[in-house]
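Before any comments, here is the structure.
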Amino acid sequence: MKWSHALKDYKLFLKIERGLSKNSITSYGLDVERLITFLEINNIQESPLSISKETIQEFIYDIAKVVNARTQSRMISGLRSFFNYLIFEDYRTDNPLELIESPKIGRKLPDTLSLDDINRLIDAIDLSKPEGERNRAILETLYSCGLRVSELTNLKISDLFFDEGFIKVTGKGDKQRFVPIVSSAQKYINCYKNEVRNHLSIQKGHEDTLFLNRRGKQLTRAMIFTIIKQLAVKIDLNKTISPHTFRHSFATHLLENGADLRTIQLMLGHESITTTEIYMHVDKSHLKNVLKTFHPRK
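Here's what the structure looks like:
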């Protein structure tokens, strides 16, 4: 079996059987592609069915020179998944990564913004330009609903249920959930729709897409990153932030103000509550306040 054929079949498996998102499939594929490149550079003639643990170890030693422990750990996990797929399809009987340990890494706590940081970023938006209304609506939506950047860029007008106070979000693996949206975010989205979006020349296929660029096409993930980075520079914010920072801040602020983990999990679209539990480590004072408030022996 050729590597190209194995990789193609693996991606199809991830899409159909596991229901992963396009971005996740791409990430898994890149791990395998990096291994293939290593084999080609070193003229190692081993197929997906014959590659040995020793060769995998050589590859890991090689990548350890150029990537950090967290990236290395993720790549090992991705390759382990690939070879588990080959076992599942009866192409192999063993996984060459079975006994290979990932480097130990500390659990990275999410970066967060204060409410003042968020207000300053939004206040820095130049509303005299047409894209200003759009950018304000984008930041308000990110913070109001805790969306992933791909969920934001894929948001449709038909996903807005403002009368009920919800938006429909399509998350990882095309799983849909309804997320409440505050009235202020609704107001800014409507301002953008009525005052800016309605005057764009919308390209075919993007008629229902909410956030558009000047050419009437769906905004890219990279453009959302750029908007936020430029605003951070504008206000001299001494933090490294991204669209995901707004999602982290959304969850952290809800928790600090008394929301329960299960509710936050549902709004974030986390499959497992253990993923949501990371926010319990952001502000330990919340744990003490919960104990004081709810324990019978205060």
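Heads up: the sequence shown begins at 1104 in the working numbering, then just goes up one per residue.
The beta-carbon is built from N, C-alpha and C at its ideal position, and this holds for glycine as well.
{"Item": "Apart from the five residues just before and just after D1277, which ones in its own chain have a Cβ nearer than 8 Å to its Cβ?", "Value": "G1122 and S1124"}
{"Item": "Identify whether V1170 lies in helix, strand or coil by the three-state DSSP scheme.", "Value": "coil"}
{"Item": "Would K1275 and F1264 qualify as a contact pair, given that the criterion is a beta-carbon distance under 8 Å?", "Value": "no"}
{"Item": "Taking C-beta to C-beta, are I1344 and D1229 nearer than 8 Å?", "Value": "no"}
{"Item": "Measure the Cβ-Cβ separation of S1127 and L1216 and say whether it is below 8 Å.", "Value": "no"}
{"Item": "Can you name the start and end residues of the alpha helix (DSSP H) that K1337 belongs to?", "Value": "R1324 to K1337"}
{"Item": "Nearest CA to the CA of N1293: which residue from L1340, R1237, R1251 and Q1306?", "Value": "R1237"}
{"Item": "Work out the CA separation of L1218 and H1356 for me, nearest whole Å.", "Value": "9 Å"}
{"Item": "Got a sec, what are the start and stop residues for the alpha helix (DSSP H) T1348 sits in?", "Value": "P1346 to E1359"}
{"Item": "So if DSSP puts I1270 in a beta bridge, which residue, or which two residues, is it bridged to?", "Value": "L1263 and V1282"}
{"Item": "In the DSSP assignment, what are the bridge partners of L1315?", "Value": "Q1321"}
{"Item": "Is DSSP giving V1299 helix, strand or coil here?", "Value": "coil"}
{"Item": "Consult DSSP for K1114 and reduce its assignment to one of helix, strand or coil.", "Value": "helix"}
{"Item": "Over what stretch of residues does the alpha helix (DSSP H) that includes G1132 continue unbroken?", "Value": "K1125 to I1144"}
{"Item": "Just tell me which of D1262, P1151 and F1162 has its CA closest to the CA of F1281.", "Value": "D1262"}
{"Item": "The alpha helix (DSSP H) spanning P1233 covers which residue range?", "Value": "P1233 to C1248"}
{"Item": "Helix, strand or coil for M1178? Go by DSSP, reduced to three states.", "Value": "helix"}
{"Item": "Compute the Euclidean distance between the alpha carbons of S1253 and N1171, then round it to the nearest angstrom.", "Value": "25 Å"}
{"Item": "With a CB to CB cut of under 6 Å and the five nearest residues on each side skipped, what residues in its chain are close to S1247?", "Value": "I1284, V1285 and A1288"}
{"Item": "Tell me which residue opens and which closes the alpha helix (DSSP H) that M1370 is part of.", "Value": "L1364 to L1371"}
{"Item": "I'd like the list of long-range same chain contacts for K1259, defined as Cβ closer than 7 Å, with 5 residues on each side in sequence excluded.", "Value": "D1311, T1312 and L1313"}
{"Item": "When the Cα atoms are used, what is the spatial distance from E1120 to K1168?", "Value": "35 Å"}
{"Item": "Mind checking which residues open and close the alpha helix (DSSP H) that includes I1228?", "Value": "First-last for I1228: undefined, no H or E at that position."}
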